[in-house]
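Each residue of the sequence shown is one higher than the one before, starting from 260 at the first, in my numbering. The C-beta atom is built at its ideal place from N, Cα and C for all residues, glycine as well. This one's a predicted model, so the numbers in the text were calculated from it and none came from an experiment. For reference, the structure is listed below as structure tokens.
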Amino acid sequence: MSNEFNKSIELSEQELDVVAGGASLNELAAFAAEQNSIKSSVAATPFGAFSETDIQELEIASVVQKQIEV
């Protein structure tokens with residue numbers, strides 16, 4: 260018999276539950292970002308009329324889920 264079978268290892272509580280068949284751990288993480296922008300500029304001369312528009316939208320979404328079944 261090989262000595263590798265007699266080596267001990269240290270397991271966390273979650274790992275012990277999984278080995279014992281008592282629990283399972285599922286994890287999910289998602290991230291999304293979207294950016295939109297509009298820029299506009301109008302100029303008229305001599306010495307009159309200026310117009311400027313700057314619109315920006317930033318949307319960020321994130322989801323994290325952990326599920327432990329015992």
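- DSSP, read as helix, strand or coil, puts Glu-274 in helix.
- Lys-325 sits close to Glu-286, with the two beta carbons spaced by under 9 Å.
- Of Val-323, Glu-311 and Ile-297, the smallest CA-CA separation from Ala-288 is found for Val-323.
- For Gln-315, the closest alpha carbon among the candidates Glu-328, Gln-294, Ser-283 and Val-329 is that of Gln-294.
- Residue range 283-303 is occupied by the beta strand (DSSP E) that includes Ile-297.
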